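Colleague: Got a structure here, written out as structure tokens. Questions coming.
Protein chains in written order, with full-length UniProt numbering: chain A, 1 to 622; chain B, 1 to 622.
Now the structure itself:
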């Protein structure tokens, strides 16, 4: 169904940090439960209940029900005692979590009552269709071509990343397998040339030999062949551990992983990438693929995907080709902010106009602070890469666990699938056994319902998710500006807050340092203790008034990219080399409320006091 | 908290096929929602609502809320139109799905409101503890030793199986890495000996070189080394496609996978396994591991794990060792039926007594029909294998998606982990970053809550889950016996039902054949059409009165193991060789109500009529 979608009011889409929309939540919850119960009752209404009023009146029934009630008392107590208050409008500035969309919580709950398993169409016709639709919607959000691209929901970003490297590995090996099975199609090509064929060339070639496809696949990397020939997997130096796990699991191995330096603002250095690829080429070592990150989990930075794509085009002319996977687990949904009401990527010079029309930012100054051509160009170029990880459970504001992957060319699916592509439902173009085309097997239909419903309520463009992204970004910039001039007086010492770098996205990193302190270890200790008192570690969660998270930037992972920052706040290069790491406080700004200037101002005063208190406790420990 | 657990009445634990317990479900649902809302309101009660009464009265709010209501009308319609009626007490005899436990649906929904992410303790203290507890409970269900074993929840059985082969691969390669890094510890050992060290020996050896652990790990299979040296991965001939995917993904490759024949009752032939391992040993090809299946997805059969373990002991004395992974995705929870009130494995001669005391079967005859020493011994021996896949979302009656894996020796974790084991919370013995010890990253705390709550309500022994297993098994045997003498008169033809084999578990396979028909293709067509009319394919789901599923046993996967059955129902060996496959109807008997003799008899009459109708339609098409 196509709806006339009204101007979206984000306030109607969350339970509310004080449960303001509990009435609406319960209304829809009970509606969905009642409609489910009615469905049960009316399937073959001639069938009678098997649990009778007498059963329900028996002591064994009552005892069991009371036992269950006791367990729920305990569950409720545990959840209320040991959960994080992400829902707060302005006190939680830590881990990547917040309020999730009321419609997805409700959709998940509703669909769970039917318990569809999207592994097979047979067991979940309704939610399988929703997953297929949601996959195409995510493709459209990446400006992948309709009809040529495909996507699906998976457990999380690590699984999506693993599936990405699985695609890359099997695809890269196909030309070597073709050489064994159908050598006439790659006649005259050297091994180097075979290992540098583009994805398009490989897929076009596979199209020419449909009868031999199974045999070619059987001799591809899936057989165990060629794993050591496929070359290097290049990732940014700020390497997320999921990429190390992936390379381990997929068998190309950690020895095939190389980290490319990031610059002082934590973006992969594309010049260094080029240099390294040329060095490898000189040794006839191919590049299996390059990972660009859209929203790094520690800094929220967005790699220059446009420059990566341009580099590939340049090198392709020289006979060097590499697969590009974009890890946009975190930042993927943010592409919605760049799509206009018709889902077209907005020309740069029209952005102000479109944002204004859709009330994406309440404060144009903050919009201008955030939006750079670099960020814009990076998002634009995502449509040109082979595969992209996007987590609905991050910027999709959908409850855990919902990851996703999209592929630019649906034919890539053959490289990893376990059945011929004709195993599809007639007309529907939906696999009868989705499990044969993806990494996982059984999977909740409820997740698909949660994602599908969220996409229906909030279109994946500037009118829907784009607005939510704007709210989150604006909140992040309010927090960033709040931190910039922040000073505290703690037991006679002045403690100054130093934000790390202007964020590309909604992640704000920062540190506290005592004025004049030149001992980096001491500063690290201060920030670590501050984190302890601003988290579950040393606070009573429910009475703590300010939450944050932390991370370490250490030389083994970051090289010297933090040096500029560390020097800027008063430490010497020697001190950096001595201590070898800097402890960073980290705030993912997801609150859908904190962009509002009045709300933010209210909380700014409160959290300033709370930070003061937590700093006082932290200082006692260093 | 430890409860006085009353005698469990299963009727109090499900919503009921006619929504009989809708009152109890809604009572607890609203309790949990209200307690969550109260928690939001009372976290820093001085903070005011950010969504005001005026906001809620605005037209943008109302329009957005109405838009959301419209989307839920569509969602509800889609779910009610295109979902399967698994909930029915006696009409659904197909795919592995049914009513799930009311407490887990409720726990999932409740915990989802807090949206914990169990990837990191920091973001989910409560549900991380629940996951750790649930893991230990699953270990206990396998009689793995407390304190020495470990387990966790994962997305599904395919992921658990992949993690199992990841453990096996990395462990098997460690001795080769030790030879590079600390050769003095494996002095004098040949490569063959290194590749045949037992898991215990490897782990003990690793314990001796803690300082070199990281270096050894870096040279293990995770580096990309040795993948072609580790030997064969042996699986039963009825190979589930998840094992082919796993070998592909993990890089040992499909060429390393060998299928061991099953016998005519679809169990791995342990004599053939021995023969094959000896043949390989004669060529100095090691065995990476052997997969035993507890509950095959197509036949519900249970491999002779005891004989597999005994074979390993015998061969170990000859210097041949292999890892054993048990794929009990389906049958894992059934081990609860063999554990007494104190979680001890029940001696065989005490089973009748314990079952009677706990009312596990209502009909002792059916219990005797099912329970064989073979099945008992197979379950008993599970405690001796390295790792086991167990899916809570199958026989745990927990909604999708909830898989799990347990490992006998917690030290195995080091072979795949990405951080030193000291990255644990003090005292809690729970990883600070679970994602560094498992295949996935982000994962729903709600899943852990659902599993934990189910385990709290239903202990994992004969008093809890064991009773539920008994109900399911008894229902399966009622259905099996119902099919055994079933004949239909369709347009003057007699159609006879032929159950496949006496099931080890709650899966009943069967076919229909026209009396006197000797054309196997014709029979296959009949059964396929019968499936079409008994599923979403050619029936209107909601008005169809009998559901089943189907599968094909074809020579490429099954060899000639179906021949005995095929001959038994009147086809010649030539006919089998000509057609090369038999289409099988397949019923997973999960209904928690169909064990009741009165309920079953009521439905037997009804589904007999429904089968008659669907056969009439099917016959028209052949």
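Heads up, the beta-carbon is just placed ideally off N, CA and C, and yes, glycines get one too.
Predicted model only: the values in this text are computed from it and were never measured.
With a threshold of 7 Å on Cβ separation, who are the neighbours of residue 311/A within its own chain once the five nearest residues in sequence on each side are excluded?
Modeller: Correct list, in chain order: 270, 273, 274.
Colleague: Considering only residues of the same chain and omitting the five flanking positions on each side of residue 426/A, which have a CB-CB separation below 6 Å?
Modeller: For residue 426/A, the predicted structure reports a pLDDT of 47, less than 50, and the residue's modelled location is therefore unreliable. A value from the coordinates is still provided. Hits under 6 Å: none found.
Colleague: Return the Cβ separation of residue 387/B and residue 375/B in integer angstroms, given the expectation that the two are a contact with Cβ distance under 8 Å.
Modeller: Actually they do not touch by this definition, with Cβ atoms about 21 Å apart.
Colleague: Using the rule of at least 16 other Cβ atoms within 10 Å of the residue's Cβ for burial, across every protein chain shown, is residue 531/B buried or exposed?
Modeller: By the 10 Å Cβ count, residue 531/B comes out buried.
Colleague: Using Cβ-Cβ distances below 9 Å, what residues of the region 28 to 43 of chain B are close to chain A?
Modeller: Correct list: 28, 29, 30, 31, 32, 33, 34, 35, 36, 37, 38, 39, 40, 41, 42, 43.
Colleague: Does residue 317/A pass the burial test, meaning 16 or more other C-beta atoms within 10 Å, or should it be called exposed?
Modeller: The residue is exposed, with fewer than 16 neighbouring Cβ atoms inside 10 Å.
Colleague: What is the residue span of the beta strand (DSSP E) that residue 441/A lies within?
Modeller: Element bounds for residue 441/A: n/a, residue is neither H nor E.
Colleague: Assign residue 127/B to one of three DSSP states: helix, strand, or coil.
Modeller: Helix, per DSSP.
Colleague: Of all Cβ atoms in chain B, is any one closer than 8 Å to the Cβ of residue 19/A?
Modeller: Answer yes: the Cβ-Cβ gap between residue 19/A and chain B drops below 8 Å somewhere.
Colleague: Taking Cβ positions, are residue 415/B and residue 174/B nearer each other than 8 Å?
Modeller: Taking 8 Å as the Cβ cut-off, residue 415/B and residue 174/B qualify as a contacting pair.
Colleague: Can you round the beta-carbon distance between residue 440/B and residue 155/A to whole angstroms, since I take them to be within the 8 Å contact cut?
Modeller: Contact holds; Cβ gap of about 6 Å.
Colleague: By DSSP's criteria, residue 119/B is part of a beta bridge. Which residues make up the other side?
Modeller: Beta-bridge pairing links residue 119/B to no other residue.
Colleague: Grab the span of the beta strand (DSSP E) containing residue 514/B for me, first residue to last.
Modeller: From DSSP, the beta strand (DSSP E) with residue 514/B extends over 507 to 514.
Colleague: How far does the alpha helix (DSSP H) with residue 65/B in it extend, from its first residue to its last?
Modeller: Run containing residue 65/B: 59 to 81, per the alpha helix (DSSP H) assignment.
Colleague: Any Cβ of chain B within less than 8 Å of the Cβ of residue 12/A?
Modeller: Answer yes: the Cβ-Cβ gap between residue 12/A and chain B drops below 8 Å somewhere.
Colleague: Among residues of its own chain, excluding the 5 on either side of residue 503/A, which ones have a beta-carbon nearer than 7 Å to its beta-carbon?
Modeller: Closer than 7 Å at Cβ, skipping near neighbours: 300, 476, 480.
Colleague: Using alpha carbons as the reference points, say which of 395/A, 349/A, 606/A, 341/A lies closest to residue 332/A.
Modeller: Residue 332/A has its Cα closest to that of 395/A, out of 395/A, 349/A, 606/A, 341/A.
Colleague: Could you check the C-alpha separation between residue 351/A and residue 153/A for me, to the nearest Å?
Modeller: In a straight line, the C-alpha of residue 351/A is about 30 Å away from that of residue 153/A.
Colleague: Under a CB-based cut-off of 8 Å, is residue 439/B close to chain A?
Modeller: Chain A, which has a Cβ nearer than 8 Å to the Cβ of residue 439/B, makes this yes.
Colleague: Please list the segments of the beta strand (DSSP E) lying wholly inside the region 280 to 327 of chain B, counting only runs of 3 or more residues, in order along the chain.
Modeller: Correct list: 287 to 293.
Colleague: Checking contacts by CB at 8 Å: is residue 414/A closer than that to chain B?
Modeller: So, not an interface residue.
Colleague: For residue 611/B, does the three-state DSSP call read helix, strand or coil?
Modeller: Helix at residue 611/B.
Colleague: In chain order, what residues of the same chain have a beta carbon less than 6 Å from the beta carbon of residue 423/A, not counting five sequence neighbours either side?
Modeller: Bear in mind that a pLDDT of 49 at residue 423/A, under 50, signals an unreliable position, so the model cannot answer this.
Colleague: If we count Cβ pairs, one from each stretch, closer than 8 Å, do we get three or more for the region 280 to 292 of chain B versus the region 490 to 498 of chain B?
Modeller: Short answer: they don't touch.
Colleague: When you compare the CB of residue 164/B with every CB in chain A, is at least one pair closer than 8 Å?
Modeller: With 8 Å as the cut-off, residue 164/B does not count as an interface residue toward chain A.
Colleague: Between residue 295/B and residue 302/B, how many whole angstroms is the CB-CB distance? I'm expecting something under 8 Å.
Modeller: That belief holds up - the Cβ atoms of residue 295/B and residue 302/B are roughly 6 Å apart, short of 8 Å.
Colleague: Thinking just about the alpha-carbon of each residue, which of 10/B, 256/B, 47/B is nearest to the one in residue 623/A?
Modeller: Since the first and last residues shown for chain A are 1 and 622, residue 623/A lies out of range.
Colleague: Can the beta-carbon of residue 575/A be found less than 8 Å from the beta-carbon of residue 462/A?
Modeller: Cβ atoms of residue 575/A and residue 462/A: not closer than 8 Å.
Colleague: Count the other CB atoms within 10 Å of the CB of residue 605/B; is the residue buried (16 or more) or exposed (fewer)?
Modeller: Burial call: exposed.
Colleague: Which residue wins for smallest C-alpha separation from residue 527/A, given the options 23/A, 615/A, 553/A, 579/A?
Modeller: For residue 527/A, the nearest C-alpha among the options comes from 615/A.
Colleague: DSSP three-state label for residue 498/B, please.
Modeller: Three-state result, residue 498/B: strand.
Colleague: Any beta carbon from chain B within less than 8 Å of residue 475/A's own beta carbon?
Modeller: So, not an interface residue.
Colleague: Using CA coordinates, which residue listed in 10/B, 77/B, 114/B is at the minimum distance from residue 65/A?
Modeller: The residue with the shortest Cα to Cα distance from residue 65/A is 10/B.
Colleague: Going by the beta-carbon positions, is the gap between residue 254/A and residue 248/A smaller than 8 Å?
Modeller: Contact flag set, yes.
Colleague: Give a yes or no on whether 8 Å exceeds the smallest Cβ distance from residue 250/A to chain B.
Modeller: Chain B contact via Cβ: present.
Colleague: Look at the alpha carbon of residue 224/A and the alpha carbon of residue 251/B, and state the distance between them as a whole number of angstroms.
Modeller: In a straight line, the C-alpha of residue 224/A is about 6 Å away from that of residue 251/B.
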